[in-house]
Amino acid sequence: MSSNGTVDGLTLARKSVVPNLVKRFLQEGRLAHSFSIKLIANVDIVYYAAAAGYEAVLIDLEHSSFGLETCNQLSVSALSAGITPIVRVPANTSDWISRALDGGAQAIIVPHVNSAAEAANVVKYARFAPEGERSATSGMACLRYASVPAKYANVAANEETLVICMIETERAVEDVESIAAVPGVDVLLIGSSDLTSDMGIAGDYDSPRLADAYAKVSAACAKASVNGRLVSMGIGGLNGRPDLIEKLATAHANGRYAMSGADNAMMLAAMRAGAKNTQAMTARISA
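Every letter in the sequence shown is one number past the one before it in full-length UniProt numbering, and letter 219, counting from 1, is 219.
Structure representation (structure tokens):
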């Protein structure tokens, strides 16, 4: 509120912006889960995820044939449904990162970040000045399309944007402290599938080597969380191992974001269960 009793621009921007639920969970030390969308482009899938109780949807442009138009529709639907739209882009480039954010994403995941320099690029493309170099735009979905001067809108958008860098190689694990130290990085998300592949133990999620990698990333996040800054660890690639997600989140207090389910895998599991029941019924009728 300004001295003359009117609402100032930054207050208006902060009132307009859609709260980022995942960021709130991280700040409160609660484990946030996202549902990955790789197959179903219909916006109804977002509302199903919200009804199921997910805090976020992860729109996966790295592992799907979706384009930015589909990504935009799913992101805006998530904002409308009251859950956080996260977009995993296929490349660490401005044309993917900034356009996904312009289309409504509140969190951006960039795969295969192997160095501090690459992490700095992510921040540069994902955040408005002075934190980055994202190009200013009007009518942002995350601000509910409110007409707010850029100098306020950009601040509010920066505050609600999560920058998530994926750790998926041994090289990245070795350099994780410098990656975590990059200002503007919020989460280091371990891609367990790609990391175990890079280690030469593809899919061996119970390996002590993977556990050691999680411990090293968690320690780097803790070291970087100083002077009011919070850097969290993310648990990725373990959708089919909720027991391991729980084990890792219990062992590491800063492991508070998990990829926990995907449309293609859940649909296949349900179809298999249905087909098995049908086949069993057919066998009984035929007996």
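Glycine included, C-beta positions come from ideal geometry on N, C-alpha and C.
Around the beta carbon of Asn42, fewer than 16 other beta carbons lie within 10 angstroms, which makes this residue exposed. Ranked by Cα distance from Ala249, the options Arg30, Ser16, Glu55 are led by Arg30. C-alpha of Cys71 to C-alpha of Val122: approximately 19 Å in a straight line. Contact between Ile235 and Gly261 does not hold, since their C-beta atoms are separated by about 13 Å, which reaches or exceeds 8 Å. Listed as beta-bridge partners of Ser36 by DSSP are Leu58, Ala262.
In the pairwise beta carbon analysis, the stretch 192-202 is classified as not touching the stretch 139-155: fewer than three pairs are separated by under 8 Å.
Selection Gly184, Ile86, Ala283, Tyr205 evaluated against Asp243 yields Tyr205 as nearest (Cα-Cα).
Straight across, the Cα-Cα distance linking Ala220 with Arg99 is about 30 Å. Within the same chain, and ignoring the five residues on either side of His63 in sequence, the residues whose Cβ sits closer than 6 Å to its Cβ are Lys38. Where Pro130 is concerned, there is no enclosing alpha helix (DSSP H), because DSSP gives it neither an H nor an E.
If you look at Leu68, you'll find it in the alpha helix (DSSP H) that goes 68-81. Sequence-distant Cβ neighbours of Arg229 in its own chain, meaning closer than 6 Å and more than five residues away, do not exist here.
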